[in-house]
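Reviewing the structure listed below.
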Amino acid sequence: MEGLLWEIIKLVIAGLILMIISVLHVAYLTYAERKIVARMQQRLGPNRVGPRGLLQPIADMLKLLTKELIVPYNVDKPIFYLAPFISLVCGATSLALIPLWKTFVLSNINVGILFVLALSSLSAYGIVLSGWSSNSRYAFLGGIRSGAQVISYEIAMGISLLTVVLMAGSMNLQDIVMAQVHSVFKIYLIPQIIAFFVFMVSAVAECNRTPFDLPEAENELVAGYFVEYSGMRFALFYLAEYFGMIVMSALAVTCFLGGWAGPFEVPFIPCFWFLIKIYALLFFYIWIRATLPRYRYDQLMDLGWKILIPLSLANLFVTALIKLII
Amino acid sequence: MGLAIEINKKQIDEDSWSEHFFINMGPQHPSTHGVLRIFLELDGETIINCDPIIGYLHRGVEKLAENLNYNQGIVLSDRLDYISSAANNVAFALAVERLMGLKVPRRARLLRTIVSEMARICNHLLWLATHALDIGAMTVFLYCFRDREWLLNIFERICGARLTHSYVRVGGVRLDFTSEIVDELYKFTEEFPSRILDYETLIDVNRIWLKRTKGIAVVPLEEAINLGLTGPCLRGSGIAYDVRKYRPYDAYDEVEFVVPTGKTGDTYDRYRVRMEELRQSNSIIRQCLDKLPETEGEPVIAEGAPELCMPEKMKEPVPKPHPKLGAIFKGEPKKWVPVGESFASIESPKGELSVYLVSDGSSKPWRWRIRTPSFVHVSAIPHMSKGHMIADLVAIIGTLDIVLGDSDR
Amino acid sequence: MNLSVEELQKKFSSVIKEVKRTDYLTLICEREGFVEFMEYLKDNKGFKYLIDLCGVDYLNYPYKDWDERFEVVYHLYNFEAKELIRVKVRVPEDDCWHYSVTPLWKTANWFERECYDMFGIEFKGHPDLRRMLMPYDWKGYPLRKDYPLELDEESEWEVYKELKKRTKGK
Amino acid sequence: MSFWRKVLLLEIVDGLKLTFKKMVSAKPVTIEYYDKVRPKPYSGFRGRHALVRDDKTGDTICIGCLRCVKVCPAKCIHIETEVDKAAKRKKVVKYEIDALRCIFCGYCEEVCPVNAIVLTEWYEYVGLTRDDLYFDKEKLLQNWDEFIAQQDRPYFNPFWKPRGIPIERLPKRKREFKGV
Chain U
1 MEGLLWEIIK LVIAGLILMI ISVLHVAYLT YAERKIVARM QQRLGPNRVG PRGLLQPIAD
61 MLKLLTKELI VPYNVDKPIF YLAPFISLVC GATSLALIPL WKTFVLSNIN VGILFVLALS
121 SLSAYGIVLS GWSSNSRYAF LGGIRSGAQV ISYEIAMGIS LLTVVLMAGS MNLQDIVMAQ
181 VHSVFKIYLI PQIIAFFVFM VSAVAECNRT PFDLPEAENE LVAGYFVEYS GMRFALFYLA
241 EYFGMIVMSA LAVTCFLGGW AGPFEVPFIP CFWFLIKIYA LLFFYIWIRA TLPRYRYDQL
301 MDLGWKILIP LSLANLFVTA LIKLII
Chain Z
327 MGLAIEINKK QIDEDSWSEH FFINMGPQHP STHGVLRIFL ELDGETIINC DPIIGYLHRG
387 VEKLAENLNY NQGIVLSDRL DYISSAANNV AFALAVERLM GLKVPRRARL LRTIVSEMAR
447 ICNHLLWLAT HALDIGAMTV FLYCFRDREW LLNIFERICG ARLTHSYVRV GGVRLDFTSE
507 IVDELYKFTE EFPSRILDYE TLIDVNRIWL KRTKGIAVVP LEEAINLGLT GPCLRGSGIA
567 YDVRKYRPYD AYDEVEFVVP TGKTGDTYDR YRVRMEELRQ SNSIIRQCLD KLPETEGEPV
627 IAEGAPELCM PEKMKEPVPK PHPKLGAIFK GEPKKWVPVG ESFASIESPK GELSVYLVSD
687 GSSKPWRWRI RTPSFVHVSA IPHMSKGHMI ADLVAIIGTL DIVLGDSDR
Chain L
736 MNLSVEELQK KFSSVIKEVK RTDYLTLICE REGFVEFMEY LKDNKGFKYL IDLCGVDYLN
796 YPYKDWDERF EVVYHLYNFE AKELIRVKVR VPEDDCWHYS VTPLWKTANW FERECYDMFG
856 IEFKGHPDLR RMLMPYDWKG YPLRKDYPLE LDEESEWEVY KELKKRTKGK
Chain G
906 MSFWRKVLLL EIVDGLKLTF KKMVSAKPVT IEYYDKVRPK PYSGFRGRHA LVRDDKTGDT
966 ICIGCLRCVK VCPAKCIHIE TEVDKAAKRK KVVKYEIDAL RCIFCGYCEE VCPVNAIVLT
1026 EWYEYVGLTR DDLYFDKEKL LQNWDEFIAQ QDRPYFNPFW KPRGIPIERL PKRKREFKGV
């Protein structure tokens, strides 16, 4: 009984720490994005609030918290209220499964990858429902686009992760990291470069980021599914998107880049390599946002069904074949 | 509110709730480039029908111009296509000059050419910026604005305003250039071609850009002529019709330049035509600058050009035969311009901008008709967008390069 | 000049009323048979491009030597010969209509709509003749010379009047 | 070649390279207006209106010829004059400019025969009410004082005597004008 209580307290504390750290990360990810994109476009970016604009995310948060929550007249109220939460919760829960360190993983379950995939597809419900319940034509189109997009990219992503599972022989994320450490190349990126490519592209599509940001394409659908949201509920969607980015890059790091393992151990800073890798991937997300134009809805589907899925299937087949021979 | 009722009524009337989807794009929408409203009938995301509705920016310029005199009219022409107001000024001034038979000094003609080409670069940069942003390339937008800012600064030096220049006046221009402006322009023309490369690296061969622009809104040549498309939109379909070559005005007969054309008439071709025009404009400015020293010291306004102040009731003494005194001088209303009509068109950055003037001899035009390229281009949207998707509609609006101030007048 | 005016006059003697040479060749035509004449110009004479179509109101024009109040002015262009001509049709006030050339040029569609909107000249055969720049329920035709520059309060636009009433109440 | 370009996404890599290069090396072009940079407009910028104050009399040098009223396309200038019987000349009693109507074309300063009105290079002006931007004569003279305090004397506005306009087209006072 003592032991169980202690376990629960430990879990809650660890969860809290993880939550605070990840929320801070999300906050400063928005800052980093604005700053980096600004520099790439020869602008300055936020520089008014605090030194070099470092307090900008906090100011934004305060502003969004204090803003009026506008509920349009004809919306489907329960669903309208619920949708941002679905989006955020499903986006953020996956973090609990990511092994940040040898000993630090909130819930080390054996179906880790499946669970992460399930949650990330569930978070599309938030978008679809918000699009539907807003009772706005633009939001509706955004919701439909999102549904189609998530469905088609989920498959490619799942298949590319399947190759990793095949190589590691486990669905437990911790085990996958260990298997990578013991493998020949130390990371799965080198043998599974195609799977990594497919995974990254579909991860960008999953997070609705440029060049696949069709559901919220601001130049066509104004803001897509969250066009009717304001204040904190809008902020929740925003948070969900950035949580999604973090989760997807964490998953990529765990499955392809060797997780927390690095060439040497850095003393006093646990999960140093994990963070470095995750930052690099997040930078990549921001980088392509600053560079690429946006796909069209049907071209996006083409890319998903005609290129990524066959590519990942072929990759899976070859991997399985090699695995069989060796 | 009225609109929602309209839409709902249409749906109820047709009794086809499951069939088509009606959406109202604009008048407030990020990528309709102003207050254009497009009423769309969609099947999924495919456009079945579309009806552009304009008039939200109608200011009655033609009516106003009938109540202002010729020099004041130039100020109105600034506000038509506010992206390239220098070109509009030229069109209006040309029409009045042709009516009056003024001979504009060579220096003024060179200056006008420089200014209208600068306006063309400004306009194409803004077009590229917004077109790229509509398709999602955010960085090109800011690079274009960076360079446009430089040109606007030069404009500020030339005439003291950045957007509504009113630099041209009937019979010439208002101010001469200074040597600093010429130096700055030289610097710009040297630097600018390398800036174009920046934009082209980002989008020119990018596969997403190609997918979004190739084969979108294809207008065959015959149809383009029938639709009345002008400027780069017409040249993208494969005809080298350019007013600067076909009916030269100002100093365009002195400079050498190529009129770029496309082949298929899709969005990508129009994009290429405009990018090429940026380079050509750059070289035209360069050539004109080289010619400027030859005309050093010439006046910039024609002899006999009307004063800025054209009072309506001014009377001129006219000799009248008198039985006893031989002749007496009687005040007659002054004839500011000859009675008649004139037509002048220029190649404005967006297309052919033509002005049709009817005068009754007073200081005010009897009728000032402006045929603006944007107006014609907006009318072409329904023909070009049928069967495409919403995302393409945004690209089509971008590629037509419309400004609603220009089309609504 | 590849266009022989004499030939045209012979062929369309009933249509062409007057030929003037001002800055460009100007043909003043009759309403009847006008569309056939334009079609001939477009298909046989190469004037494929309709640059402009506009109306002009000549109410109380001091130098007028004709009766009709309105004029519809067409500017046509021939790419091959680099030739521009102006074609005019005079429309009387009490019989204020004209034939539409929209079947020939799609671009004429909006020009004619605008002309209708501004001068009240109706175009027969136009597929979709409704107001364009002014609101649907606007009264009067603004570019007519007898339309005042500033409206008095009574004749203002109904919607605007309503709006003013509503905002004043608050 | 083009096949490999296509497979390896080289054209996208080129774009990525460009943006990365800009991030590392290019300087931001943002002007940090107000606290760090206050850009000085070029000579001839058409900004806030002012009436030139005559240093001797302390009043405007406007002679009330109404040419600016006639040339103004926006009809935003209102002048009232009366004849000063003692000095036997016209006196300007009222000179008002509605800056909210003004379109800053600069025609008024160009036609003024004595260079009394000027669109100064002062661009930082706001009004909290409509009345703040309705400049009467006092306000216009005050605008001039504020403006000229920051300028080198003699001040000369290019629109007073436009470059390249033949001298015989200008009125007499403008021909000899050197600046104030």
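Residue numbers (my numbering), protein chains in the order written: chain U, 1 to 326; chain Z, 327 to 735; chain L, 736 to 905; chain G, 906 to 1085.
Using N, Cα and C, we set each Cβ at its ideal position, and we do this for glycine too.
Just so it is clear, the structure is predicted and the values come from calculations on it, not from any experiment.
The bridge partners DSSP lists for Ala670 (chain Z) are Z:Val681. Buried is the label assigned to Gly949 (chain G), since at least 16 other Cβ atoms lie within 10 Å of its Cβ. Per the DSSP secondary-structure output, Lys859 (chain L) pairs in a beta bridge with L:Tyr834. Rounded to whole angstroms, Asp369 (chain Z) and His346 (chain Z) show a C-alpha spacing of 5 Å. Cβ-Cβ distances below 7 Å link Leu1005 (chain G) to Arg1035, Leu1038 in the same chain, with the five nearest sequence neighbours on each side left out; the list follows chain order.
Within the region 270-294 of chain U, the residues whose Cβ lies closer than 8 Å to any Cβ of chain Z are, in chain order, Arg289, Ala290, Thr291, Leu292, Pro293, Arg294. In the three-state reduction of the DSSP assignment, Tyr798 (chain L) falls in the coil class, being assigned neither a helical nor a strand state. With a cutoff of 8 Å on beta-carbon distance, Leu730 (chain Z) and Gly360 (chain Z) are scored as near each other. Nearest in C-alpha terms to Glu33 (chain U), of all of U:Gly304, U:Ala280, U:Ala314, is U:Ala280. Restricting attention to G:Phe1052, G:Thr962, G:Pro1071, the CA atom closest to the CA of Ala434 (chain Z) is found in G:Pro1071. Residue environment: His355 (chain Z) is assigned as buried (16 or more neighbouring CB atoms within 10 Å of its CB, all protein chains considered). Put simply, the region 509-529 of chain Z does not touch the region 745-752 of chain L. Fewer than three CB pairs are less than 8 Å apart. Look at the region 805-835 of chain L: the residues with a C-beta under 8 Å from a C-beta of chain Z are Val808, His810, Phe814, Lys817, Leu819, Arg821. At least one beta carbon of chain L lies nearer than 8 Å to the beta carbon of Asn393 (chain Z). In its chain, beyond the 5 residues on either side, Lys996, Val998 have a beta carbon closer than 7 Å to the beta carbon of Glu987 (chain G). Residue pairing by DSSP leaves His457 (chain Z) without any beta bridge partner. Bounds of any alpha helix (DSSP H) do not take in Leu1024 (chain G); it lies within the beta strand (DSSP E) bounded by 1022-1024. For Met40 (chain U), the neighbours in chain Z by C-beta distance under 8 Å run, in chain order, Thr465. Taking each of Z:Pro647, Z:Leu726, Z:Arg596, Z:Gly352 in turn and checking the Cα distance to Tyr138 (chain U), the smallest one comes out for Z:Gly352. Spanning the alpha carbons of Asp407 (chain Z) and Asn414 (chain Z) requires a straight line of approximately 7 Å. Remark: three or more beta-carbon pairs, one from each stretch, lie closer than 8 Å, so the region 410-426 of chain Z and the region 660-672 of chain Z are flagged as touching. The CB of Ile36 (chain U) comes closer than 9 Å to the CB of Met928 in chain G, given here in chain order. One Cα belongs to Phe274 (chain U), the other to Glu510 (chain Z), and the distance between them is close to 52 Å. Taking a C-beta distance under 8 Å as the contact criterion, Ser87 (chain U) and Ile127 (chain U) qualify as a contact pair. Val531 (chain Z) is not a Cβ neighbour of Pro632 (chain Z), given a cutoff of 8 Å. Contact between the region 389-400 of chain Z and the region 447-467 of chain Z is absent, with fewer than three C-beta pairs closer than 8 Å. In the DSSP secondary-structure assignment, Glu771 (chain L) is not bridged to any residue.
Pairing Val704 (chain Z) with Ser685 (chain Z) gives a Cβ-Cβ distance that is not under 8 Å. For Gln299 (chain U), the nearest CB of chain Z lies under 8 Å from its own CB, placing it at the interface with that chain. In chain order, Pro933, Val934, Thr935 make up the part of chain G whose C-beta sits under 8 Å from the C-beta of Arg43 (chain U). The way I'd put it, the region 760-770 of chain L doesn't touch the region 709-729 of chain Z; fewer than three beta-carbon pairs between them come closer than 8 Å. In the structure shown, Asp302 (chain U) falls within a helical segment according to DSSP collapsed to helix, strand and coil.
Interface flag for Leu921 (chain G) against chain U is set, since a Cβ pair is found closer than 8 Å.
Using a CB distance below 7 Å, the part of the region 353-382 of chain Z facing chain U consists of His355, Pro356, Ser357, Glu371, ordered along the chain.
Leaving aside the five residues that flank Thr587 (chain Z) on each side, the residues in its chain whose CB is nearer than 6 Å to its CB run, in chain order, Arg561, Gly564, Ala566. DSSP places Arg605 (chain Z) in the uninterrupted alpha helix (DSSP H) bounded by 593-617.
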